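S.K.:
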Amino acid sequence: MTKQTKTDDASGRGSVEGFKVPFPGRLHPYSEEAINAAVHVMRNVEGQTQGEYLKKFEQAFKDYTGAKHAFAVDNATNALRLAAILCRLKQGDEVIIPAYTFCATAIPFGKTGAKIVWADIDKETWVVDPKDIERKITPKTKAIVVVHLLGMPVNMSAVMEIAKKHNLRVVEDCAQAPGSEINGQSVGTFGDFGCFSFHGAKNMTTLGEGGMLTVKNDDDAKFVPGLRHNGCKAYEGKRPRYWVPAMSNVDIDIEGVWPNNFCIGEVQCAVGIEELKHLDEVNNKLIEQADKIKSIMADTPEITFAKIPQGFKHIFHQFVMHFEGVGSKDRNDLMDILVNEYKIRCIVQYYPLYRYPLFQKLGAGEYDCPVLESWWDNSFSFPWWCGMDDETIEYLTSSLKAAIKKLKSA
Ligand SMILES: Cc1ncc(COP(=O)(O)O)c(C=O)c1O
29 MTKQTKTDDA
39 SGRGSVEGFK
49 VPFPGRLHPY
59 SEEAINAAVH
69 VMRNVEGQTQ
79 GEYLKKFEQA
89 FKDYTGAKHA
99 FAVDNATNAL
109 RLAAILCRLK
119 QGDEVIIPAY
129 TFCATAIPFG
139 KTGAKIVWAD
149 IDKETWVVDP
159 KDIERKITPK
169 TKAIVVVHLL
179 GMPVNMSAVM
189 EIAKKHNLRV
199 VEDCAQAPGS
209 EINGQSVGTF
219 GDFGCFSFHG
229 AKNMTTLGEG
239 GMLTVKNDDD
249 AKFVPGLRHN
259 GCKAYEGKRP
269 RYWVPAMSNV
279 DIDIEGVWPN
289 NFCIGEVQCA
299 VGIEELKHLD
309 EVNNKLIEQA
319 DKIKSIMADT
329 PEITFAKIPQ
339 GFKHIFHQFV
349 MHFEGVGSKD
359 RNDLMDILVN
369 EYKIRCIVQY
379 YPLYRYPLFQ
389 KLGAGEYDCP
399 VLESWWDNSF
409 SFPWWCGMDD
419 ETIEYLTSSL
429 KAAIKKLKSA
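Take the sequence shown: its position 334, counted from the start at 1, is 362 in the working numbering, and no numbers get skipped.
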């Protein structure tokens, strides 16, 4: 078990000092291979962007997920931005987005001018409920965004059936779910687009920032390189002088859309190739840890966990629980004991997005999400990283049981 001595950082995860079980900023250390790959590219590779490592990383990701197209980008927010642009959303359209997620899921869609309609969670899996999505479809709805939050896959067969029936585009936010599957099929390959994050706290990272956009259709995929890199594209055909009329063309074939620079560097791609090789090992360890905690807590009905449907692979990017409450005592009372007495840096993850000032100020403050409203305020998470030892698991679970006992006798 590690001890945290210094003051908390600016992660928004609380600021109590001296934690016995801290909440580390990343899930696992880099492999030696990833470190060596980064150094190799730094020392030896001429072009530091858009070279062979980009191509190799994209190919490796296609091989891993089975996606038809994959485009590495600088972060998942911008992968979502590309997906939002390619959904051709505009003012007057509606897009359905889960209210329980990180804000980056929704912001790129808000930027299109479309109205955000918040979808509720399923009371068993705690990810978006397809039935609620269908309930919120209107003639203005153009797209559905789903989030495989915490690594738990959304019921994609139900979502795709709804999308087909109503002719809607589907974006999968897989930021927290590389390696999550449904009956062996990777998330990010069901809908039109999949958006993965390689941020520093994720199950795999490319030096703190990074992302991948997977695309199902050739028609969408052909626009991505230009949208990703300032509209730069090769001239067609052979030119007698490579500098005439210019070195490369700048153009875009989507009406009214300005391109961006969402490129990722070669060092990051080289690291990504190596990290991807270790992803299953990391995910399997996280699953094993989660199973251990769940089985130790099985005798404590006050604590519940998301139900994983048959055939779904949930990769436990984080470990979220729900406290059913004891008399008038709620999640905050429980966390007071865990944080202050047991020095466990528990956190509360996300916030129904419609409660944030940003979304309220920008016209997305309306909601109808009764399940999320009754569930969220009693949710909380243990500190989480890959390779948690049995001593830590024992300390976390025995402290949680003792805290509940204390609340019961209060
Ligand atoms: C659900 C979700 N969507 C999107 C993002 C954005 O990812 P990035 O930080 O790579 O832009 C995150 C990152 O934390 C996330 O958790």
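Glycine included, C-beta positions come from ideal geometry on N, C-alpha and C. Quick caveat, the model's predicted, so the values are computed rather than measured.
Within 7 Å: the Cβ of residue 187 and any heavy atom of ligand 3?
M.R.: As presented, the structure is devoid of ligand 3, carrying ligand 1 as its sole ligands.
S.K.: Less than 8 Å separating the beta-carbons of residue 221 and residue 200?
M.R.: Position 193 of the sequence shown holds residue 221. Position 172 of the sequence shown holds residue 200. Cβ distance < 8 Å, so residue 221 and residue 200 count as in contact.
S.K.: Within the present structure, is the beta-carbon of residue 441 separated from the nearest heavy atom of ligand 1 by less than 7 Å?
M.R.: Because the chain is modelled from 29 through 438, residue 441 falls outside the range shown and cannot be assessed.
S.K.: Compare the C-alpha of residue 203 against each of 218, 238 and 169 and name the closest.
M.R.: Position 175 of the sequence shown, counted from the first residue, corresponds to residue 203. When each option's Cα is compared against that of residue 203, the closest is 238.
S.K.: So does residue 348 have its beta carbon nearer than 7 Å to some heavy atom of ligand 1?
M.R.: Position 320 of the sequence shown, counted from the first residue, corresponds to residue 348. No, Cβ of residue 348 sits at least 7 Å from all heavy atoms of ligand 1.
S.K.: So is the beta-carbon of residue 130 under 7 Å away from any non-hydrogen atom of ligand 1?
M.R.: Numbered from 1 along the sequence shown, position 102 holds the residue referred to as residue 130. The answer is yes for residue 130.
S.K.: Check whether the stretch 122 to 138 and the stretch 319 to 330 are in contact - that is, three or more C-beta pairs closer than 8 Å.
M.R.: Flag = no, the stretch 122 to 138 and the stretch 319 to 330 do not touch.
S.K.: Output the distance between the C-alpha atoms of residue 82 and residue 293, rounded to the nearest integer angstrom.
M.R.: Along the sequence shown, one-based indexing puts residue 82 at 54. Along the sequence shown, one-based indexing puts residue 293 at 265. If I take the Cα positions, the gap works out to 8 Å.
S.K.: Could you tell me if residue 157 is buried or exposed, where buried requires 16 or more neighbouring beta carbons within 10 angstroms of its beta carbon?
M.R.: Looking up residue 157 in the sequence shown gives position 129. Residue 157 is buried by the Cβ-count criterion.
S.K.: Could you tell me which of 160, 148, 152 and 195 sits nearest to residue 168, measuring between CA atoms?
M.R.: As a working note, residue 168 is residue 140 in the sequence shown. Closest option to residue 168, Cα to Cα, is 195.
S.K.: DSSP state of residue 213, grouped into three classes?
M.R.: Position 185 of the sequence shown holds residue 213. DSSP places residue 213 in strand when its eight states are reduced to three.
S.K.: On the CB-based measure, 16 or more other CB atoms within 10 Å of its CB, does residue 185 come out buried or exposed?
M.R.: Along the sequence shown, read from residue 1 onward, the residue named residue 185 stands at position 157. Exposed: under 16 other Cβ atoms inside 10 Å.
S.K.: Taking the alpha-carbon of residue 145 as reference, which of 154, 153, 162 and 155 has the nearest alpha-carbon?
M.R.: For this step, residue 145 is matched to residue 117 along the sequence shown. The option with the nearest alpha carbon to residue 145 is 162.
S.K.: I want to know whether the stretch 104 to 117 touches the stretch 352 to 367 - three or more CB-CB distances under 8 Å.
M.R.: With a cut-off of 8 Å, the stretch 352 to 367 and the stretch 104 to 117 do not count as touching, because too few Cβ pairs lie within range.
S.K.: Thinking C-beta only, is residue 260 closer than 8 Å to residue 197?
M.R.: Numbered from its first residue, the sequence shown carries residue 197 at position 169. Numbered from its first residue, the sequence shown carries residue 260 at position 232. No.
S.K.: At the level of alpha carbons, what is the spacing between residue 386 and residue 139?
M.R.: Numbered from 1 along the sequence shown, position 358 holds the residue referred to as residue 386. Numbered from 1 along the sequence shown, position 111 holds the residue referred to as residue 139. One C-alpha to the other measures close to 12 Å.
S.K.: Buried or exposed, going by whether 16 or more other CB atoms sit within 10 Å of the CB of residue 70?
M.R.: As a working mapping, residue 70 is identified with position 42 in the sequence shown. Counting Cβ neighbours within 10 Å, residue 70 comes out exposed, since fewer than 16 surround it.
S.K.: Tell me the rounded alpha-carbon separation between residue 246 and residue 90.
M.R.: Numbered from 1 along the sequence shown, position 218 holds the residue referred to as residue 246. Numbered from 1 along the sequence shown, position 62 holds the residue referred to as residue 90. One C-alpha to the other measures close to 14 Å.
S.K.: Mind reading off the beta-carbon distance from residue 373 to residue 228? Whole number of angstroms is fine, and I expect it under 8 Å.
M.R.: As a first step, residue 373 must be located in the sequence shown, where it is residue number 345. As a first step, residue 228 must be located in the sequence shown, where it is residue number 200. With 8 Å as the limit, residue 373 and residue 228 do not qualify as a contact, their Cβ atoms being about 18 Å apart.
S.K.: Considering only heavy atoms of ligand 1, does any lie closer than 7 Å to the CB of residue 156?
M.R.: For the purposes of this step, residue 156 is identified with residue 128 of the sequence shown, where counting begins at 1. The answer is no for residue 156.
S.K.: Considering Cα atoms alone, identify which of 73, 215, 154 and 262 is closest to residue 295.
M.R.: Along the sequence shown, one-based indexing puts residue 295 at 267. It is 73 whose Cα lies nearest to the Cα of residue 295.
S.K.: Is DSSP giving residue 286 helix, strand or coil here?
M.R.: Numbered from 1 along the sequence shown, position 258 holds the residue referred to as residue 286. Correct three-state label for residue 286: coil.
S.K.: Quick check: the stretch 297 to 312 against the stretch 205 to 225, are there 3 or more CB pairs under 8 Å?
M.R.: Contact holds: three or more Cβ-Cβ distances are below 8 Å.
S.K.: In three-state DSSP terms, what is residue 105?
M.R.: Reading the sequence shown from its first residue, position 77 is the one you call residue 105. Residue state, collapsed to three classes: helix.
S.K.: Using CA coordinates, which residue listed in 50, 253, 400 and 354 is at the minimum distance from residue 148?
M.R.: Within the sequence shown, residue 148 is the residue found at index 120, counting from 1. When each option's Cα is compared against that of residue 148, the closest is 400.
S.K.: Check whether the stretch 330 to 345 touches the stretch 165 to 184, taking contact to mean three or more Cβ pairs, one atom from each stretch, closer than 8 Å.
M.R.: Output reads yes: the stretch 165 to 184 touches the stretch 330 to 345.
S.K.: Evaluate contact between the stretch 374 to 394 and the stretch 248 to 265, counting only Cβ atoms and requiring at least three cross-stretch pairs below 8 Å.
M.R.: The stretch 374 to 394 vs the stretch 248 to 265: no contact.
S.K.: Does the beta-carbon of residue 360, which I'm using as the reference point, lie nearer than 7 Å to any heavy atom of ligand 1?
M.R.: Translated into positions along the sequence shown, residue 360 becomes position 332. Residue 360: no, Cβ never under 7 Å from ligand 1.
S.K.: Under 8 Å between the Cβ atoms of residue 303 and residue 112?
M.R.: By 1-based counting over the sequence shown, the position of residue 303 is 275. By 1-based counting over the sequence shown, the position of residue 112 is 84. Not a contact, by the Cβ cut-off of 8 Å.
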